[in-house]
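Novice: Residue numbers (our numbering), protein chains in the order written: chain S, 1 to 408; chain W, 1001 to 1455.
Don't be surprised by glycine CBs; every beta carbon is placed ideally from N, CA and C.
Once you've had a glance at the structure underneath, I'll fire off some questions.
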Amino acid sequence: MLPSNLLRIKIKGNEIMPVFAEINDENLYLADSLLEIYRSCVGKKIGDLEEAIKEEELKAEDLGYDFKFFRGLKTLLDRRLVLEEFDDSIDPIRVRALVFELANNYKDGLVIDEKDRASIFDLAAQKLGIDSERLKEIFLSVYEEEQKIKDFNDLRPEELLRFYNLSLMQTLMFKCRKLYVDVQISGGEMRRLLWLMKKLHLLYLAEQSYFGINLAIDGPASVIKQTERYGTRMAHLLPLLIQTKNWHIRAYISLKTKFKKIKVLRFELSKNYSMGLFPSSVGEEISYDSYVEEEFSKKFFTASAAWQIVREPEPLVVGRSIFIPDFALINGDKKVYLEIMGFWSEDYIKRKIEKLQALKDANLILAIDSSLGKINLERTNGNIEIVLYEKKLSSADILRALKKFESS
Amino acid sequence: MIEIFYSGGTIIVRGGIPLTPPNFLIYDQRIEAYRCYASQYYALKKFLETNKIPFTENVLNPLEGNIIERKKLELKEYQYEALDAWLLNEKRGVVVLPTGTGKTYVGIAAIAANKGPTLIVVPTLELMDQWYAKIKEYFNVAVGRFGGGLKEVEYITVITYDSAYINAEFLGNKFLLLIFDEVHHLPSEGFRQIALLSAAPFRLGLTATPEREDQMHNLLPTLVGDVIYRRSVVEMKGKYVAPFEVVRYYVDLTKDEAKRYEALRRKFKSFFEETGIKLDSLEDFYQMIIHSGRDKKAREALLAWNEARKLALNASNKLLALERVLQEHKGERIIIFTEFNSFARMISIKYLIPEITYKTPEKERILTMDRFRKGIYKVIVTSKVLEEGIDVPSANVGIILSGSGSKREFIQRLGRILRPAKDKNAVLYEIVTRNTSEVNVSYRRRRQALSDLFD
Chain S
1 MLPSNLLRIK IKGNEIMPVF AEINDENLYL ADSLLEIYRS CVGKKIGDLE EAIKEEELKA
61 EDLGYDFKFF RGLKTLLDRR LVLEEFDDSI DPIRVRALVF ELANNYKDGL VIDEKDRASI
121 FDLAAQKLGI DSERLKEIFL SVYEEEQKIK DFNDLRPEEL LRFYNLSLMQ TLMFKCRKLY
181 VDVQISGGEM RRLLWLMKKL HLLYLAEQSY FGINLAIDGP ASVIKQTERY GTRMAHLLPL
241 LIQTKNWHIR AYISLKTKFK KIKVLRFELS KNYSMGLFPS SVGEEISYDS YVEEEFSKKF
301 FTASAAWQIV REPEPLVVGR SIFIPDFALI NGDKKVYLEI MGFWSEDYIK RKIEKLQALK
361 DANLILAIDS SLGKINLERT NGNIEIVLYE KKLSSADILR ALKKFESS
Chain W
1001 MIEIFYSGGT IIVRGGIPLT PPNFLIYDQR IEAYRCYASQ YYALKKFLET NKIPFTENVL
1061 NPLEGNIIER KKLELKEYQY EALDAWLLNE KRGVVVLPTG TGKTYVGIAA IAANKGPTLI
1121 VVPTLELMDQ WYAKIKEYFN VAVGRFGGGL KEVEYITVIT YDSAYINAEF LGNKFLLLIF
1181 DEVHHLPSEG FRQIALLSAA PFRLGLTATP EREDQMHNLL PTLVGDVIYR RSVVEMKGKY
1241 VAPFEVVRYY VDLTKDEAKR YEALRRKFKS FFEETGIKLD SLEDFYQMII HSGRDKKARE
1301 ALLAWNEARK LALNASNKLL ALERVLQEHK GERIIIFTEF NSFARMISIK YLIPEITYKT
1361 PEKERILTMD RFRKGIYKVI VTSKVLEEGI DVPSANVGII LSGSGSKREF IQRLGRILRP
1421 AKDKNAVLYE IVTRNTSEVN VSYRRRRQAL SDLFD
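Following this line, the structure appears as C-alpha cells:
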C-alpha cells in the first residue's frame, strides 16, 4: 500500500482505474535504475541515498516518467531497507540535552557563529570524555538522514513493478465503500478469506455466481451509512483474492471533486484482464486443519476404494452466508459433503442444522462427537445424514452413511 | 425476548420488534437483525422502555477501576460555571474558552465529578503527554496513553484522534465519558465516527474555536452536545489573560534571493497566463494541484510557486531579525515558530536551540518540553507540531518566522504566549519578507484574527 497522495488514477465517466505499470522496457528501465541506486547505497547513509534519488527523479521527470510513479516505487524500495542499529553506549538524546543546556547558558544565551558552536561542542565533549568530532556525530545521529543502511532486500525489476501494481490497487481501495468479488476459490482460500474478514471486522453477503461465489463486502456500520471506514481493511483482502483461480472485483470508490462534493465511481478488474500485472505469489499459505480431520482423511483413503476424499472442497452458499465443509466424498457423479463437529454445544448444533437445511441440492453427512454430551436431534431433511461417534470417527461409520446416498 | 448487544461500533437488536422501529434502526440483511450506531444506545433504550418492550442487554462493558482524588482542584469562577453547565445538561456539551485559560481543568473537573472510565481524545502527541501528566497530578488512578506507538488501555485513557478513529470499534463500549479536546476536529468525515461508534452516554467537548469553515460544526450537537458555555478572548483579556502586543518586522530578500524569486514568479505567472487559470481562491489552487498530477507544466509551475514561497518564508535576512529579537529578550521564555521542518532544523543546528517537530523522537520531545517548562531551556524552535493547546506556562515571547496564513493557526499560536505570566507583557513578533506575496498572507492572517477578537 502507498500513501494516498501517490495514487494514480484514470477516470472515464463513472469508471475509475489505477494507472498500472505495464511490464515493458520503459518501466523496467526505471525499476532497474532505482534498484541499482538502492543496491549501491548499502553501507552509506540515508542522506546519501536521498541525494542520489533526488537526482534520479529529476532525470526521470525529464524522460517523461510520472513523479508519482517514481515515488511509488521509491516508497516500496524504502521498505526493503535494513538500517543499522544505533550504537547505544551513548544516548544521543542525553548528548543533545547537554549541548542545548550548555548553549542556553552560553555567554548571554545566544550562540551565533561557528566559533560559538565549536566551543559548545568542545565543552560538551570534554564533560562526557569523548572526542568532539564523535560528539558532533552523535548529536546529529537522531536525524533520519544520518542513519546508516545495513542491507537491502533485493528483488527483480519486474517483481518490483508487480508489487507496485498490487500496492496501487490497494491504495485505490482506501476510499472503497463497497466491494463485490466474484471468485472461483478453494475451500482453503475461502477459509482464510473468511478468517481475514472476521479479523478485520468486515461482513459479507454471499450468492452463487458465474465463477463460483459472489461476495458483497462492507462493514458493520455500512448498513447505516456507507463509509470509507472499511476501505483500508478491504485493501488487505486483495493479495489473497488475486491469487485465486479466477476472480472479478467490482469496487465502489468515493472521490472528492473540486467542489468538495463526493462522487462514487466504479472500479472493475478481473484476472483475465490483468494477466502478468500482479505478483504470482504474495505470502505463505496457512493450513487450518485440525488433527481429527487429518487422521480421518488418511484412514478413509485406505479404507475406501470407491469413494475418493477431497479436503477443503469448494465453499457452498447457505442462505446468504458461506459454508466450507471439511471434506467432499466423491464416487463417480455422486458427491457427499462431510462436516466433522469435534467441539459443539447443543445450541450450536441445532442452529447449524437449521441453517444447513437450506442446502437442498447438496448431500451432507454431519459427524458429531457424542462423547461431549447428550443431544436430542429432531428429524432432518433427507439430504442431511447424522453420524454419532465417540472420540474417534471410523471410516466404517461414514461408509455406512454413504450407502443411504448411493441408493437414492 | 429482544436482545441488544454491542458489535463493532454498532448495536444489534435481535428478536422481533412488535412496533414500527424508530428511524435510527436499520434492518441488516447480512445478520437478519436491526442495527444502529452505538451512539444511539440511550435513544434505543428509551424507545424500548417507553413502549414496554422487554429486552436483555449486553452493550456497555466499561473498564473497571476507581478514581481517588490526589490533589485538590482549584477552579476559577468561569471554570466552575462551565462545569455546572455541563452537569446540568446531562453531562453532554461543548465548552468554548480561549486558549490559555485552562480548558484542561474543566476536563479534569468533569472526570472528578463523573468518576467513571474516561476516554480523552486529543489531536497531538504533546497534548496526550500533557493530559497524561495532569491526570496523574490530580488523581490516583490507572492512566494509559494510546497513540505514537503506545497502546495502553486503562480506566482513564488519553488517545489521539487518529488512533481513536482506527480503533473505534474496540473502544466503543469500554468508557462512560468521552472528552474531546480541540473538539473542532471531531466533525470531519472520519473522526466523527469516534463519536458515532461509541456507546458512551456522557460527552464533553473543549475548544477555543468550534466554528469550521466547512460548516460541519453543525454536527457537534449530535456528536457531543450543544455549546453549553462560551467566553470570548475579549471578555477574558486583562482579566485572566496577559495583555499582549503584536510587533511586525520586515526584512528584504538578499540580491540573489530576490533574483531567484523573480525568476520563479515569472515561471508560474506565465503558466497562469497561458492556461487562463486564475489563482484567486483556494478552489483555483486545488484545481491546479489536480492538474499537476497529469500535466508536467502545471507541476513545474506548482514547484516554482512552492519554491518561491519557501524562499520568502525562509529568507536568510529573517535570521538576522531573529537574532535581534533573541538579543532583545535575553533570558525570557521564547518560542520560535517556523512553517517548514527543515527551517526549524536549520535554526536548531545553527543556534543550538532544541527543536520540536513531528520528526523529533518521543523521548527527546518529552525531555525538551519538560526542560522548557522548568526553564533549563529558555528558547525552543518548532514547526507546526505545537499548533494546538500545548501547555507552555510561562512563554511570553513568540516569534513567527513563517506561517501559512490560516486563521485558526494564528490564533492558536497567539494563544501560546497569552498565558498569564507575572508582570510580563506578552509579545508576538511576526517576521515577514518585504515585496513578496507573503506580506498578503500575513495581512490576511492578521485581519482575520483581529475580526475574530472583536466580533
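Quick one: which unbroken alpha helix (DSSP H) runs of 4-plus residues sit fully inside the region 324-358 of chain S? Chain order, please.
Specialist: With a minimum length of 4 residues, the continuous alpha helix (DSSP H) runs that stay inside the region 324-358 of chain S are 346-356.
Novice: Note down, in chain order, every chain S residue with its Cβ under 8 Å from the Cβ of Tyr1351/W.
Specialist: As a position in the second sequence, residue 1351/W is number 351, starting the count at 1. Near Tyr1351/W (Cβ distances below 8 Å), the residues of chain S are Ala103, Leu110, Val111, Ile112.
Novice: Quick one: list the residues of chain W neighbouring Leu409/S, beta-carbon separation under 9 Å, in chain order.
Specialist: Look at the range of chain S in this structure, 1 to 408, and you will see that residue 409/S is not part of it.
Novice: Determine the closest residue to Ile1376/W out of Phe163/S, Lys360/S, Leu168/S, Val99/S, with distance taken between C-alpha atoms.
Specialist: Your numbering for residue 1376/W matches position 376 in the second sequence. The residue with the shortest Cα to Cα distance from Ile1376/W is Val99/S.
Novice: When the distance is taken between beta carbons, is Lys1378/W closer than 9 Å to Ile1334/W?
Specialist: Counting from one through the second sequence, the residue named residue 1334/W turns up at place 334. Counting from one through the second sequence, the residue named residue 1378/W turns up at place 378. Against a cut-off of 9 Å, the Cβ pair of Lys1378/W and Ile1334/W comes out as a contact.
Novice: Please list, in chain order, the chain S residues whose beta carbon lies closer than 7 Å to that of Ile1194/W.
Specialist: Stepping through the second sequence from its first residue, residue 1194/W is reached at position 194. Within chain S, no residue comes near Ile1194/W; the closest Cβ sits about 11 Å away, beyond 7 Å.
Novice: Which residues does DSSP pair with Ile1334/W in a beta bridge?
Specialist: As a first step, residue 1334/W is located in the second sequence; it is residue number 334 there, counting from the start. Answer by DSSP bridge pairing, in chain order: Val1379/W, Val1397/W.
Novice: Our contact map puts Lys150/S next to Leu215/S with C-beta atoms below 8 Å; I'd like the distance itself, whole angstroms only.
Specialist: Here residue 150/S refers to the residue found at position 150 when the first sequence is read from its first residue. Here residue 215/S refers to the residue found at position 215 when the first sequence is read from its first residue. Actually they do not touch by this definition, with Cβ atoms about 43 Å apart.
Novice: Where does Ile262/S land, buried or exposed, given buried means 16+ other C-beta within 10 angstroms?
Specialist: Numbered from 1 along the first sequence, position 262 holds the residue referred to as residue 262/S. Exposed.
Novice: For the region 1205-1217 of chain W, enumerate the residues whose C-beta is nearer than 8 Å to any C-beta of chain S, in chain order.
Specialist: Answer in chain order: Asp1214.
Novice: According to DSSP, which residues form a beta bridge with Met17/S?
Specialist: Residue mapping note: residue 17/S aligns to position 17 of the first sequence, counting from 1. The partner list for Met17/S (beta bridge, DSSP) reads Lys10/S.
Novice: From the beta carbon of Ile213/S, is the nearest beta carbon of chain W less than 9 Å away?
Specialist: Mapped onto the first sequence, residue 213/S falls at position 213. By this cut-off, Ile213/S is not an interface position.
Novice: Helix, strand or coil: which one does DSSP assign to Ile120/S?
Specialist: The sequence position of residue 120/S within the first sequence is 120, counting from 1. Three-state DSSP puts Ile120/S in a helix.
Novice: Which stretch, first to last residue, makes up the beta strand (DSSP E) that contains Val1096/W?
Specialist: Residue 1096/W sits at position 96 when you count from the first residue of the second sequence. Segment 1092-1096, the beta strand (DSSP E) holding Val1096/W.
Novice: Just to make sure I have the definition right: I need the residues of chain S whose C-beta is within less than 8 Å of the C-beta of Ile1026/W. Which are they?
Specialist: Here residue 1026/W is taken as the residue at index 26 of the second sequence, counted from 1. Within 8 Å Cβ-Cβ: Val223, Ile224.
Novice: Ignoring anything shorter than 3 residues, give me the beta strand (DSSP E) runs that lie fully in the region 1175-1234 of chain W, in order along the chain.
Specialist: DSSP runs (the beta strand (DSSP E)) wholly in the region 1175-1234 of chain W: 1177-1181, 1202-1207, 1227-1230.
Novice: Strictly by DSSP, which residues pair up with Thr1157/W?
Specialist: Position 157 of the second sequence holds residue 1157/W. Leu1119/W, Gly1144/W.
Novice: What residue range does the alpha helix (DSSP H) around Thr1275/W cover?
Specialist: Here residue 1275/W refers to the residue found at position 275 of the second sequence. Counting along the chain, the alpha helix (DSSP H) containing Thr1275/W begins and ends at 1255-1275.
Novice: Taking 6 Å as the limit between beta carbons, can you name the residues of its chain near Thr244/S, skipping five residues before and five after?
Specialist: As a first step, residue 244/S is located in the first sequence; it is residue number 244 there, counting from the start. Contacts found: Val183, Ile185, Glu189.
Novice: Considering just the uninterrupted stretch of the alpha helix (DSSP H) at Glu50/S, what are its terminal residues?
Specialist: Counted from its first residue, the first sequence places residue 50/S at position 50. Glu50/S -> alpha helix (DSSP H) spans 46-62.
Novice: Determine whether the beta carbon atoms of Val1183/W and Leu1206/W lie at a separation below 9 Å.
Specialist: Translated into positions along the second sequence, residue 1183/W becomes position 183. Translated into positions along the second sequence, residue 1206/W becomes position 206. It is a contact, given that the beta carbons lie within the stated cut-off.
Novice: Just to confirm before moving on: does the CB-CB distance between Gly1144/W and Leu1125/W stay below 9 Å?
Specialist: The residue you call residue 1144/W lines up with position 144 of the second sequence. The residue you call residue 1125/W lines up with position 125 of the second sequence. Not closer than 9 Å, so no.
Novice: How would you label Trp195/S, buried or exposed, when you count the other beta carbons within 10 angstroms and need 16 or more for buried?
Specialist: On the first sequence, residue 195/S is found 195 positions in, with the first residue counted as 1. Counting Cβ neighbours within 10 Å, Trp195/S comes out exposed, since fewer than 16 surround it.
Novice: Taking Cβ-Cβ distances shorter than 7 Å, what residues in chain S pair up with Pro1354/W?
Specialist: Walking along the second sequence from the start, residue 1354/W turns up at place 354. Chain S residues near Pro1354/W: Phe100.
Novice: Is Lys1374/W close to chain S? Criterion is C-beta to C-beta, closer than 9 Å.
Specialist: The count along the second sequence starts at 1 and reaches residue 1374/W at position 374. With 9 Å as the cut-off, Lys1374/W does not count as an interface residue toward chain S.
Novice: Does the separation of the CB atoms of Tyr1155/W and Glu1245/W fall below 9 Å?
Specialist: Along the second sequence, one-based indexing puts residue 1155/W at 155. Along the second sequence, one-based indexing puts residue 1245/W at 245. Contact flag unset, no.
Novice: Report the partner residues of Phe1005/W according to the DSSP bridge assignment.
Specialist: Walking along the second sequence from the start, residue 1005/W turns up at place 5. Partner(s): Ile1012/W, Asn1058/W.
Novice: Just checking: is the beta-carbon of Gly187/S within a distance shorter than 9 Å of some beta-carbon in chain W?
Specialist: What you label residue 187/S is simply residue 187 of the first sequence in a count that begins at 1. So no, Gly187/S is outside the interface.
Novice: Taking 9 Å as the CB-CB cut-off, is Glu285/S touching chain W?
Specialist: Locating residue 285/S in the first sequence gives position 285, counting from the first residue. Residue placement at Glu285/S is flagged as unreliable, the pLDDT there being 49, under the threshold of 50; the coordinate-derived value follows with that caveat. By this cut-off, Glu285/S is not an interface position.
Novice: Have a look at Gly1405/W and Asp1252/W and give me their C-alpha separation to the nearest angstrom.
Specialist: For the purposes of this step, residue 1405/W is taken as residue 405 along the second sequence, with counting starting at 1. For the purposes of this step, residue 1252/W is taken as residue 252 along the second sequence, with counting starting at 1. Bear in mind that the predicted position of Gly1405/W carries a pLDDT of just 41, short of 50, making it unreliable; the figure below should be weighed with that in mind. Those two C-alpha atoms are separated by around 20 Å.
Novice: Curious, which full-length beta strand (DSSP E) runs of at least 3 residues does the region 178-213 of chain S contain?
Specialist: The qualifying runs are 203-208.
Novice: Rounded to a whole number of angstroms, what is the C-alpha to C-alpha distance between Lys374/S and Ser394/S?
Specialist: Locating residue 374/S in the first sequence gives position 374, where the first residue counts as 1. Locating residue 394/S in the first sequence gives position 394, where the first residue counts as 1. Between Lys374/S and Ser394/S, the C-alpha separation is close to 20 Å.
Novice: Would Asp74/S be called buried (16 or more neighbouring beta carbons within 10 Å of its own) or exposed?
Specialist: Translated into positions along the first sequence, residue 74/S becomes position 74. Checking the sequence shown, residue 74/S turns out to be Lys, not Asp. The residue is buried, with at least 16 neighbouring Cβ atoms inside 10 Å.
Novice: Check whether the region 118-135 of chain S touches the region 31-44 of chain S, taking contact to mean three or more Cβ pairs, one atom from each stretch, closer than 8 Å.
Specialist: No, because fewer than three Cβ pairs between the region 118-135 of chain S and the region 31-44 of chain S fall closer than 8 Å, the two stretches do not touch.
Novice: If you check the beta carbons only, do Thr1101/W and Arg1230/W fall under 9 Å apart?
Specialist: Residue 1101/W sits at position 101 when you count from the first residue of the second sequence. Residue 1230/W sits at position 230 when you count from the first residue of the second sequence. Contact: no.
Novice: Have a look at Val1013/W and Leu200/S and give me their C-alpha separation to the nearest angstrom.
Specialist: Here the question's residue 1013/W lines up with position 13 in the second sequence. Here the question's residue 200/S lines up with position 200 in the first sequence. Using only the alpha carbons, I get a separation of about 22 Å.
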